[in-house]
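**Student:** Protein chains in written order, with this note's numbering: chain P, 1 to 257; chain Y, 258 to 552.
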């Protein structure tokens, strides 16, 4: 499905601060896998997502999606097939436009943005159904500007919007980190439901070890640009938070903390 | 006096609609309008003198202005020059181009037909309204352009334009190139500015190389006045506010000149324009809410 092959990524190239993040990094994501990724700050989780999406350039290596080499494709072209939810709830929606307008924008992903009317009246009921699924009462606020919604409501909308059209791949970049515990819980439940219902191949980066354990069918732990733990299927189901914590501590001791 | 002020306000309103696209929707400060406004005037001087139909000249000025705007966009997006500098580059270059198009710094075409002389209304209007015949024609043009812009902003392409200004990340997520949207927006905005310059030249029946100085300030002032005055009237469209803002601004300028008429001369106009703009900025405290971009 998605394959990262022999990835080399350096930061601050050509300066005294040059650091190597990925040195021959490899990862294969299989179809309908839901991967939770954990790891300390600077371990390369977000960089990995950025490399898949093409948000940052890389020194060497190949990115293959569905058998096609997309290494040279620009970010916006790759995102035609990828849905991405960011940590900041503001990134996924347009604050100056209404809920209906935002939903229409998202619904048009992959189709031409031409001079036909932005809102398709026949689709409004469908948008309402999608929003009703969130259980936040947004379906009755179709003409409200998204800018007045709370962070949690916006993040819920971002999630719905990024999965509204058929996508091959869903990327969740610490998408519950900026929310209060209760809202985070709600967004996580919604994520689980949507991924299951649409059978999406997903990578989720999170700092919440419980989410990492409870959700998904594969678990990765990253450290200094390497995968130090990779549990799939049954092995993943048996993994407890304690195991991850122990691993975390071992790594920290190695670093001298 | 009142008629002249409204005429000026309506003509500059067309340009202000363009500035509204770049400043308010796209969040790009575009200085190239200072060059595209006189570009429209220069083209008008050239073609009207040659006897081309004034209405066709309007279409031409829009198209050529749009091309200039697209060039600003390409410099900014493709060559990665900052938006402000890209505008300055195009504005500076256009000064020479405008001189070449018009042939010299001043061109008058008093004896040629313009949209105003060809306008059939002056024969049907009652006598007391004849003074306002230009206002009526200009109002018709402005309303048509405003409605077209409103309509465009409701299309899918218009949605993309609106979203680009407030959240570029979302555009990328939708699999679209936000740079391309910016180029389209800048083209549209400068088309409007050039069209306004062309109509301005047709109304005055002459072209002057310095007529573009301060265009961007007038445009920004109109947008900011209009939108802040009608902030609480939620059913009013921003485009309507901008048009009225432009007329209000021209009225303020006329008043300011009339009040200090003993000392002021035509050359003081730009100083008055600048000071008035500063006052408006301070009063309205124009602040914007944008989504911070990552990386």
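Backbone N, C-alpha and C define an ideal beta-carbon position, used for all residues, glycine too.
1. Against chain Y, which members of the region 165–192 of chain P pass a CB distance test of less than 7 Å?
2. So, at 8 Å on beta carbons, what are the nonlocal neighbours of residue 74 of chain P in its own chain, with the 5 sequence-adjacent residues on each side left out?
3. By the criterion of Cβ-Cβ separation under 7 Å, what are the contact partners of residue 76 of chain P in chain Y?
4. Should residue 295 of chain Y go down as buried or exposed, given a rule of 16 or more other Cβ atoms within 10 Å for buried?
5. Would you call the CB atoms of residue 554 of chain Y and residue 496 of chain Y closer than 8 Å?
6. Can you tell me the Cβ-Cβ gap for residue 467 of chain Y and residue 273 of chain Y, rounded? I've got them flagged as a contact below 8 Å.
7. How is residue 552 of chain Y classed by DSSP in three states: helix, strand or coil?
8. Measuring only the C-alpha atoms, how far is residue 242 of chain P from residue 223 of chain P?
9. In its own chain, which residues sit with a C-beta less than 6 Å from the C-beta of residue 231 of chain P, not counting the 5 before and 5 after it?
10. Are the region 464–480 of chain Y and the region 523–538 of chain Y in contact at 8 Å, needing three or more beta carbon pairs?
11. Check each residue of the region 106–135 of chain P: if its Cβ is closer than 9 Å to any Cβ of chain Y, include it; give the result in chain order.
12. Quick one: grab the DSSP three-state call for residue 165 of chain P.
13. Taking buried to mean at least 16 other C-beta atoms within 10 Å of its own C-beta, is residue 439 of chain Y buried or exposed?
14. What does residue 79 of chain P reach in chain Y if we use C-beta pairs closer than 7 Å?
15. Using CA atoms only, rank isn't needed, just tell me which of Y/401, Y/433, Y/310 and Y/487 is closest to residue 108 of chain P.
16. Quick check on residue 162 of chain P - is its C-beta less than 8 Å from some C-beta in chain Y?
17. When we look at the beta-carbon of residue 196 of chain P and count the other beta-carbons within 10 Å, is it buried (16 or more) or exposed?
18. Report the residues of the region 15–40 of chain P with a CB closer than 7 Å to any CB of chain Y, ordered along the chain.
19. Which value, in whole angstroms, describes the spacing of the CA atoms of residue 154 of chain P and residue 176 of chain P?
20. Does residue 115 of chain P pass the burial test, meaning 16 or more other C-beta atoms within 10 Å, or should it be called exposed?
21. Which residue marks the beginning of the beta strand (DSSP E) containing residue 424 of chain Y, and which one marks its end?
22. Check each candidate in P/99, P/120 and P/110 and name the one with the smallest Cα separation from residue 137 of chain P.
23. In angstroms with no decimal places, state the Cα-to-Cα distance between residue 143 of chain P and residue 42 of chain P.
24. Determine contact between the region 31–39 of chain P and the region 90–99 of chain P, defined as no fewer than three beta-carbon pairs at a distance below 8 Å.
25. Is there a Cβ from chain Y that is less than 8 Å from the Cβ of residue 154 of chain P?
26. Measuring CA to CA, which of Y/355, Y/498 and Y/464 is closest to residue 322 of chain Y?
27. Given this structure, state the Cα-to-Cα distance separating residue 188 of chain P from residue 529 of chain Y, to the nearest angstrom.
28. Just confirm the distance between the C-beta atoms of residue 156 of chain P and residue 134 of chain P, as a whole number of angstroms; I'd bet it's less than 8 Å.
29. With 8 Å as the threshold, decide whether the Cβ of residue 414 of chain Y is near any Cβ in chain P.
30. Give, in chain order, every unbroken run of the beta strand (DSSP E) that is at least 3 residues long and sits entirely within the region 493–538 of chain Y.
31. Taking 8 Å as the threshold (beta carbon to beta carbon), is residue 92 of chain P in contact with chain Y?
32. Starting from residue 4 of chain P, follow the beta strand (DSSP E) in both directions and report where the run begins and ends.
33. Please classify residue 212 of chain P as buried or exposed, where buried requires at least 16 other C-beta atoms within 10 Å of its C-beta.
34. Which class does residue 226 of chain P belong to by DSSP, given the choice of helix, strand or coil?
35. Looking at the structure shown, is residue 218 of chain P part of a helix, part of a strand, or coil, going by DSSP?
36. So what's residue 365 of chain Y in DSSP terms, helix, strand or just coil?
**Tutor:** Put simply:
1. none
2. 54
3. 429, 432, 433 and 434
4. buried
5. Outside the displayed range of chain Y (258 to 552) lies residue 554 of chain Y, so it cannot be described from this structure.
6. Not a contact, Cβ separation roughly 20 Å.
7. With a pLDDT of only 38 at residue 552 of chain Y, under the threshold of 50, the placement of this residue in the model should not be trusted, and no figure is reported.
8. 18 Å
9. 219 and 239
10. yes
11. 106, 108, 109, 110, 111, 112, 113, 114, 115, 116, 117, 118 and 119
12. coil
13. buried
14. 429, 430 and 432
15. Y/433
16. yes
17. exposed
18. none
19. 12 Å
20. exposed
21. No beta strand (DSSP E) holds residue 424 of chain Y; DSSP gives it neither H nor E.
22. P/99
23. 41 Å
24. no
25. no
26. Y/355
27. 58 Å
28. 5 Å
29. yes
30. none
31. yes
32. 2–11
33. buried
34. strand
35. strand
36. strand
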